[in-house]
Each structure stands twice: as structure tokens, then as C-alpha cells.
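One structure below.
Here it is in C-alpha cells:
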């Protein structure tokens with residue numbers, strides 16, 4: 001595991017190099033003092049975030065794994081949004097990013113001018129980012145890109161929403177992560193994981209919701225940071 | 001920018017869970033978050049946290065000339081500005097309603113309740129008195145900053161010691177702590193503040209020490225400040241759900257019990273800290 | 001100072017549970033939708049209510065109910081010593097916020113989404129029981145403005161002197177003894193506001209509540225009489241311009 005800080009150069013080198021979040025290519029004066037040549041300009045890769053430097057097996061893709069709380073919209077990511085306002089045909093949705101996102105009233109499965117879902121201010125939606133550009137307001141859709149089917153997107157009814165760090169969301173989406181399977185073995189639950197640090201969960205009763213909420217908080221690297229064994233003990237104290 | 005109000009899902013869930021007397025952080029309805037008090041290297045510097053709510057209180061003392069209308073009393077001033085550090089709800093340079101409530105409450109709890117003997121802060125009548133400045137820094141708001149700030153304030157006053165002063169004639173000599181042991185303030189009683197949140201649905205029980213979500217979804221809060229001697233210093237309920245007198249008397253009884261528990265915790269922590277310090281006694 | 005002398009009289013000649021004289025004037029003033037002047041002894045407060053109207057600032061609109069805005073202004077000449085209070089005086093701001101939250105639950109704000117109800121309070125003379133006068137005056141002004149309320153809010157100040165409760169305190173008494181302002185809803189007998197800022201033993205509260213609630217009912221009766229008188233006057237005026245009882249029924 002290699003930790004890198006902003007400004008440090010990363011040893012990324014590949015013919016077909018692809019840079020992920022937290023890495024930037026700059027051309028800087030590179031001084032090879034050893035062979036006595038005059039300094040020349042050469043591109044280098046520097047980090048812009050502090051975190052763990054990671055790369056794909058072949059070394060063609062590099063990125064920095066870091067944790068943060070503020071969400072920056074990225075195309076095709078799924079998010080949990082909160083309807084804050086109705087503007088004619090569209091909704092304004094808070095997704096925790098710098099700007100509100102807009103969700104077209106027709107961007108639902110099978111929605112037509114005549115029949116479309118009617119969302120109230122304060123409802124939650126599970127949606128996909130369909131436009132993410134730094135100069136434009138992000139846009140959301142509640143159907144799959146190719147199929148135009150719901151695929152789980154749409155209004156979230158009942159349940160509870162837990163806020164966590166962005167890294168925790170990524171962990172929860174990883175099928176190999178221990179938390180959700182461990183809880184799932186104890187009681188049935190539904191979850192919609194937004195990449196924006198919000199996780200919607202729905203279980204049978206209030207107590208189970210509270211257990212899920214407290215477990216996510218306990219495991220969150222930004223909060224309790226528990227590992228699998230500690231969580232088992234924690235679940236034991238909660239009585240499940 | 002104000003954060004958006006809680007979603008319908010959160011609102012309904014919170015109400016349903018409270019109806020079953022369950023709270024999201026696993027507490028009982030009338031359970032307080034355990035306060036954590038940590039003291040700085042200087043006397044009168046306290047960091048107080050209730051869960052993720054965190055407030056720092058710090059005391060400075062200097063010698064000033066008293067105002068002519070109160071020549072025999074020391075001066076206590078409280079500075080409590082809430083900066084956006086605590087939460088994005090607060091704006092820099094604009095007084096929020098929360099800030100007014102907290103500032104006034106601190107004033108009532110720490111100053112008007114005569115917790116500190118102001119006359120003992122007088123060094124030389126008409127000439128020199130101590131001026132205590134209590135500054136509160138609000139670091140994080142995760143609900144109930146009011147109780148946290150009041151606790152931090154009173155603990156800081158109890159923790160603080162002023163330098164020893166000797167008066168011979170008109171001559172005032174101040175001894176640094178290295179020469180003579182500093183002197184604790186004369187404190188008559190220590191009031192603690194307890195905030196209860198009430199909900200518009202009558203089947204939901206009142207909740208002590210509300211979290212941020214509970215506070216925002218509640219239909220009003222009632223704050224009671226009282227000391228371990230069962231004397232109520234402030235009893236403040238501004239609007240919110242109308243309550244029957246017997247319900248109000250019931251929460252007063254709860255606060256009485258809580259105040260005695262909290263007083264013990266505070267005294268123990270202060271004793272612990274004091275025993276870990278090396279201060280020469282005369 | 002002796003608040004209650006051996007014969008049971010107070011400094012202004014009142015008995016222990018005697019309230020000061022209450023005068024209520026509900027005459028229309030200026031462009032306000034409802035106004036009320038209430039006098040409790042030597043405390044005089046003028047309240048005007050405007051609204052519900054469109055909220056001035058977008059940030060103040062609430063999508064499902066009306067926003068209640070309260071502004072309190074203390075006249076420089078109101079107290080014995082001429083003193084200008086700044087707009088940002090924390091004590092005045094706190095009083096405004098207390099009045100605002102008291103009435104937010106009494107006004108049916110959900111009937112007027114995205115609008116604003118302004119309550120402007122002018123304190124003309126002060127001699128104790130300021131919050132009490134403000135709350136009673138606001139209730140009356142809101143009723144005059146025709147804003148739907150679920151109940152009255154009747155406020156009263158009470159204190160404890162030598163273990164005995166005292167009602168409706170003057171400034172002199174307020175400075176001397178522990179006191180509390182309480183606002184009650186007379187229909188349900190429940191308490192909407194309590195404000196106490198002086199040291200008092202827990203055991204005194206039961207009695208104090210009881211006495212204060214009784215006084216609240218008396219004030220409620222007075223307020224009802226004033227509103228009835230005003231309504232009668234309006235009905236009489238309507239008759240003079242040719243409106244009969246029959247028209248009113250239709």
C-alpha cells in the first residue's frame with residue numbers, strides 16, 4: 001500500500017495510460033542532474049489528493065483511493081436524492097453536491113405526458129446521473145440507460161436513509177464487503193446505495209433499521225472504523 | 001446555504017421509532033449522551049462533547065477598573081458567536097435564532113443565576129477588580145449545542161483558577177502560579193442545562209438531549225437549568241406543543257435526577273484532572 | 001424592599017393575587033390588518049398584525065405553511081430612564097423569538113402556504129410583565145386581523161415572595177423576587193410558554209402553576225369581553241348603513 005500526498009509525483013508509466021480521480025498530468029521542468037544535460041520539459045503525473053495510490057494489474061489505469069464527504073457528480077453513478085422543489089415539469093433534487101440536480105418529470109419508466117409519477121417535496125428518489133459537467137447543473141434519470149426500464153430506480157418509500165462517507169458507499173457496493181451479507185444473514189433487508197454518501201435501507205421493523213444505521217456508522221472508516229470481528233461483537237451487544 | 005429540511009422518509013421513520021421508544025442512536029428517550037470533558041494544559045480550558053456535538057470553553061482573567069455603579073463587583077463577560085465551523089446552517093456575521101437562544105441562556109445560567117460570587121472578584125474597591133472573559137467556540141453541531149455549551153461554560157469556571165493577589169495599602173502584587181498556588185473561583189452553585197424535545201404527536205414521549213434530526217423534526221424544545229440542590233435557575237419553554245402542567249412538573253422531576261448524576265460526573269472529572277496536575281500548595 | 005407587607009398589601013396597594021387593571025383598545029390603526037393596544041397597569045403595548053401576505057424574501061417562504069415574523073421595538077421613552085435599545089439587543093431578539101414560537105403553534109399556519117404573517121410590537125410604557133403584555137396583545141391583534149387561531153394565548157407573570165405566590169408583577173417586584181411568565185391556552189388548560197430566569201426551588205412550582213393558570217383564565221375572560229364589545233360595535237355600525245340581522249345570517 002502506498003500513500004501519496006498532493007503534489008507528489010506518481011510513478012505511473014504506461015503506453016496507454018489512463019488517469020483516475022486524484023491524478024493530474026502536468027508538464028514540469030524535470031532536472032536530470034546526473035547526466036549533466038540542460039533541464040528539459042517533460043510530463044509528470046502528480047497527485048492532487050491525499051490517499052492510497054492504486055493501479056490496475058497491467059498498470060494502465062491509475063487512481064487515488066481517498067475518503068471525502070462532499071459528493072461530486074460523475075456520469076452514470078447512482079445517487080439517493082431528496083426532492084426540494086417542483087419546477088413545472090421537472091424537480092429540483094438535492095444530491096449533496098455543490099449544485100442541485102434536476103430530474104425531468106418524464107424521466108421515469110413508462111412515464112408519459114398524461115401519466116407520470118407525482119413526487120412530493122421531501123420525497124427520496126434513487127436515480128442515475130445522466131449529465132455531469134462542471135459548467136452545467138447535473139441531471140438525473142430514473143431508468144436504466146439502455147433498457148429504459150426502472151431497474152430499481154424511482155421513488156424510495158418507507159425505510160430510512162443513513163448518511164455516511166463516500167468511501168463507505170463504495171465499500172457497501174463491493175459485493176465482497178462483509179457488512180451487508182453479515183446483516184442479511186440475520187434479517188432480510190433492502191438497500192439502495194447512493195454514491196453520494198446516502199444509503200437507503202428498508203427492513204421489517206424499526207429495531208432492524210436502527211441496527212443497520214448504527215452498523216453502517218460503526219463500520220464507516222470516517223466514524224467507528226470497525227472490522228469484521230469487532231462488528232460481530234457489536235451486533236452481539238445489540239442483541240442480534 | 002441552509003441544508004434542506006429532512007425528507008419525508010426520515011420524518012416518518014423518526015416518529016415511528018420514537019413511538020416505540022427507540023432512538024436512532026440506540027438511546028432511551030430520557031437518556032443523555034455521555035458527556036466527554038477534556039482539559040487543556042491551561043486552567044480554565046475545557047473541551048466538552050456530547051456525542052459529535054463539541055464546544056470549547058476558555059476563560060481569561062485580567063485586572064480592570066470597575067464601573068462606578070458597581071465598585072465592589074468583578075465583571076464576567078461571555079462571548080459566544082456561532083461560526084459556520086459548527087454547521088453550514090450558521091453564517092458568519094449574522095446572528096441566527098440559535099445563537100440568540102444560546103447566548104441568552106448562557107447569560108441566564110452562568111451570570112444571572114449568581115453562580116459565581118462576583119464580590120470575591122474584587123481586589124481593591126473602586127480601583128481594581130477581576131474581569132473574567134468566558135469564550136465559547138462551537139466546533140460541531142450534532143444537536144443540542146445549548147446543553148453542551150452550558151456544561152462547557154460551568155465546567156470551565158469550576159476548572160479555572162486565578163492567580164493569587166496580595167494587597168498592601170494601595171499596592172497590588174500578583175503572584176504567578178509558579179510562586180503561589182492559584183486560587184479557585186468562589187462558586188455558589190453549579191447549574192446544568194437539560195433540553196427536552198417534544199413532538200406534535202401526543203403519543204410520542206419527550207426526548208432528552210435531542211440529536212440534530214430530532215431537534216429539527218421536533219415541535220419545540222423546553223430547557224431547564226438547575227443545580228444539584230434542586231433549585232431551578234432557568235425554565236424556558238418557548239412555544240412548541242402546549243403541555244399540561246402535570247407533564248411539565250414531570251419533566252422537572254426528570255431533570256432534577258439528571259442534574260444530580262451530571263454533577264457527580266463533573267466533580268469526578270475535575271478531581272481526576274486536578275490530581276494529575278502538579279501544582280504546589282502552600 | 002418589602003414586597004408583601006404584614007397586612008398583605010403590595011407596594012402599589014394590591015393584594016397578593018390581585019391583577020392590575022387591564023384596558024384593551026381594538027380600534028383600527030393605519031393599514032394594519034389587525035391592531036390591539038393592551039394596558040396592564042403601567043405597561044402599555046401596541047401590536048399590529050399584517051398578513052397573511054406574500055413573503056418578501058424567497059428564503060423566508062416555507063412550502064407548506066406561513067412564516068410568522070415578529071419584530072419587537074422598545075420605545076426609548078418607555079422606561080424610567082431614557083434609553084435607546086439597539087435592534088440587535090439580544091434580550092429584545094429573544095423576546096421576539098419567544099413570541100414567534102408561541103404563536104406558530106396557535107396560528108393555523110398550514111392554511112397559508114408560502115406566505116408571511118408579520119407581527120409588529122411596539123412597547124410604549126414598561127412596568128413589569130412585558131412578555132405577558134406582548135403575548136396578550138398579539139393574541140388580540142391576530143383575532144382582529146381575522147387570522148384563524150386554535151385557541152387564545154393568555155399570559156401572566158407570577159413570582160414567589162416568602163413562599164407565597166404573587167401575581168402580575170411590577171418592575172420593582174420583578175427585580176426583587178424570582179418570577180416566571182407563563183402563557184396558557186384556556187380551552188385545554190395547557191401551557192404554551194414558560195420563561196423563568198431566577199433561582200427557585202423545585203417544590204414551589206406546583207403552587208405557582210396553579211395560581212398562574214387561574215389568573216390566565218381571568219385574563220381570557222377580559223380579552224373575550226373586549227372582542228365581544230368590538231364585534232357588537234361592528235354589527236351596530238352595519239345596521240346603521242342598512243344591513244339588517246337577516247343579511248348577516250345569509
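Residue numbers (full-length UniProt numbering), protein chains in the order written: chain A, 1 to 240; chain B, 1 to 282; chain C, 1 to 250.
Beta carbons are placed, not taken as given, at the ideal position from N, Cα and C, and that holds for glycine.
Keep in mind the model is a prediction, meaning the values are calculated, not measured.
Could you tell me which whole beta strand (DSSP E) segments of length 3 or greater appear in the UniProt domain "Exoribonuclease phosphorolytic" (18-148) of chain C? 22-25, 34-40, 43-54, 67-74, 115-125
If contact means a Cβ-Cβ distance below 8 Å, which residues of the UniProt domain "Exoribonuclease phosphorolytic" (31-163) of chain B contact chain A? none
So, does the CB of residue 206(C) fall closer than 9 Å to a CB anywhere in chain B? Walking along the third chain from the start, residue 206(C) turns up at place 206. Yes, residue 206(C) counts as interfacial toward chain B.
Excluding five sequence neighbours on each side, which residues of the same chain lie with their C-beta closer than 6 Å to the C-beta of residue 150(C)? Here residue 150(C) is taken as the residue at index 150 of the third chain, counted from 1. Once the five neighbours on either side are set aside, the close Cβ partners of residue 150(C) are 106.
Residue 99(C) and residue 74(C) - do their beta-carbons sit closer together than 9 Å? To locate residue 74(C), count along the third chain from 1; it is residue 74. To locate residue 99(C), count along the third chain from 1; it is residue 99. No.
Note down the Cα distance separating residue 215(B) from residue 39(B), rounded to an integer number of angstroms. In the second chain, counting from the first residue as 1, residue 215(B) sits at position 215. In the second chain, counting from the first residue as 1, residue 39(B) sits at position 39. If I take the Cα positions, the gap works out to 28 Å.
Does residue 26(B) get closer than 9 Å to chain A when you measure Cβ to Cβ? Sequence index remark: in the second chain, residue 26(B) carries index 26 (1-based). Taking Cβ atoms only, chain A reaches closer than 9 Å to residue 26(B), which makes this a yes.
Under 9 Å, Cβ to Cβ, is there at least one residue of chain B near residue 169(C)? To locate residue 169(C), count along the third chain from 1; it is residue 169. With 9 Å as the cut-off, residue 169(C) does not count as an interface residue toward chain B.
Among 171(B), 227(B), 175(B), which has the Cα closest to the Cα of residue 259(B)? Position 259 of the second chain, counted from the start, is the residue given in the question as residue 259(B). It is 227(B) whose Cα lies nearest to the Cα of residue 259(B).
Determine whether the Cβ of residue 168(B) lies closer than 9 Å to any Cβ atom of chain C. The sequence position of residue 168(B) within the second chain is 168, counting from 1. By this cut-off, residue 168(B) is not an interface position.
Between residue 199(B) and chain A, is the shortest Cβ-Cβ distance under 9 Å, so that the two count as touching? For the purposes of this step, residue 199(B) is taken as the residue at position 199 of the second chain. Taking Cβ atoms only, chain A never reaches closer than 9 Å to residue 199(B), which makes this a no.
Specify, as a first and last residue, the run of the alpha helix (DSSP H) that residue 164(A) falls within. Taking the first residue of the first chain as 1, we reach residue 164(A) at position 164. Counting along the chain, residue 164(A) falls outside any alpha helix (DSSP H), and DSSP gives it neither H nor E.
Measure from the C-beta of residue 208(B) to each C-beta in chain A and report whether the shortest distance is under 9 Å. Residue numbering aside, residue 208(B) sits at position 208 when the second chain is read from its first letter. It does not: the Cβ of residue 208(B) has no partner Cβ on chain A nearer than 9 Å.
Enumerated in chain order, which unbroken segments of the alpha helix (DSSP H) with a length of 4 residues or greater are wholly contained in the UniProt domain "Exoribonuclease phosphorolytic" (190-257) of chain B? Runs of the alpha helix (DSSP H) lying entirely within the UniProt domain "Exoribonuclease phosphorolytic" (190-257) of chain B, each at least 4 residues long, are 212-217 in chain order.
Are residue 49(C) and residue 27(C) touching if we call contact CB-CB under 9 Å? Walking along the third chain from the start, residue 49(C) turns up at place 49. Walking along the third chain from the start, residue 27(C) turns up at place 27. No, the pair does not count as a contact, with Cβ atoms beyond the cut-off.
Can you tell me whether residue 282(B) is helix, strand or coil according to DSSP? As a working mapping, residue 282(B) is identified with position 282 in the second chain. Summary for residue 282(B): the model assigns pLDDT 45, below 50, so the residue's position carries little reliability, and this model does not support an answer.
What whole-angstrom Cβ distance do residue 239(B) and residue 102(C) have, given they're in contact under 8 Å? What you label residue 239(B) is simply residue 239 of the second chain in a count that begins at 1. What you label residue 102(C) is simply residue 102 of the third chain in a count that begins at 1. That pair is a contact at about 4 Å.
State buried or exposed for residue 209(B), treating a residue as buried only when at least 16 other CB atoms are found within 10 Å of its CB. As a working mapping, residue 209(B) is identified with position 209 in the second chain. It counts as buried.
For residue 63(B) and residue 179(B), what's the separation of their Cα atoms in angstroms? Walking along the second chain from the start, residue 63(B) turns up at place 63. Walking along the second chain from the start, residue 179(B) turns up at place 179. When rounded, the distance between both Cα atoms is 19 Å.
Have a look at the DSSP bridge pairing and note the partners of residue 200(A). For the purposes of this step, residue 200(A) is identified with residue 200 of the first chain, where counting begins at 1. Residue 200(A) pairs with 161(A), 192(A).
Flag this pair as touching only if the segment 113-123 of chain B and the segment 23-38 of chain B have three or more C-beta atom pairs under 8 Å; answer yes or no. no
Give every residue of the same chain whose Cβ lies closer than 6 Å to the Cβ of residue 101(A), excluding the five residues on either side of it in the sequence, and list them in chain order. Working through the first chain from its first residue, we reach residue 101(A) at position 101. These residues qualify, in order along the chain: 93, 95, 138, 140.
Exposed or buried, what is residue 282(B) when buried is set at 16 or more other beta-carbons lying within 10 Å of its beta-carbon? For the purposes of this step, residue 282(B) is taken as the residue at position 282 of the second chain. Any reading at residue 282(B) is ruled out, since the residue's pLDDT is 45, under 50, leaving its predicted position unreliable.
For chain C, is any of its Cβ atoms less than 9 Å away from the one on residue 222(B)? Reading the second chain from its first residue, position 222 is the one you call residue 222(B). True, the Cβ-Cβ gap to chain C drops below 9 Å.
With DSSP as the reference, identify every bridge partner of residue 80(B), one or two as the case may be. What you label residue 80(B) is simply residue 80 of the second chain in a count that begins at 1. In DSSP, residue 80(B) forms a bridge with 136(B).
First and last residue of the uninterrupted beta strand (DSSP E) at residue 82(A): Within the first chain, the letter at position 82 stands for residue 82(A). Run containing residue 82(A): 78-87, per the beta strand (DSSP E) assignment.
Quick one: complete beta strand (DSSP E) runs, 3+ long, within the segment 98-174 of chain B? 122-124, 128-140, 164-168
Would you grab the beta carbon distance between residue 271(B) and residue 202(C) for me? Rounded to a whole angstrom, and I think it's under 8 Å. Looking up residue 271(B) in the second chain gives position 271. Looking up residue 202(C) in the third chain gives position 202. Rounded, the Cβ-Cβ distance is 27 Å, inconsistent with contact.
Can a CB atom of chain A be found closer than 9 Å to the CB of residue 290(B)? Residue 290(B) cannot be examined here, being either before or after the span of chain B that is shown, 1 to 282.
Beta carbon of residue 45(C) nearer than 9 Å to that of residue 147(C): Working through the third chain from its first residue, we reach residue 45(C) at position 45. Working through the third chain from its first residue, we reach residue 147(C) at position 147. No. Outside cutoff.
Inter-residue spacing [alpha-carbon to alpha-carbon] between residue 69(B) and residue 274(B): Here residue 69(B) refers to the residue found at position 69 of the second chain. Here residue 274(B) refers to the residue found at position 274 of the second chain. Approximately 37 Å, taken between the alpha carbons.
So what does DSSP say about residue 29(B), is it helix, strand or coil? Residue mapping note: residue 29(B) aligns to position 29 of the second chain, counting from 1. Three-state result, residue 29(B): coil.
Is the Cβ of residue 193(B) closer than 9 Å to any Cβ of chain C? For the purposes of this step, residue 193(B) is taken as the residue at position 193 of the second chain. No - not a single Cβ of chain C is within 9 Å of the one on residue 193(B).
Rounded to whole angstroms, what's the CA-CA distance from residue 225(A) to residue 24(B)? Just pull it up for me. As a position in the first chain, residue 225(A) is number 225, starting the count at 1. As a position in the second chain, residue 24(B) is number 24, starting the count at 1. Taking the straight line joining both Cα atoms gives about 19 Å.
Within its chain, find whatever has a CB closer than 8 Å to the CB of residue 107(B); leave out the 5 residues flanking it on each side and keep chain order. For this step, residue 107(B) is matched to residue 107 along the second chain. Around residue 107(B): 78.
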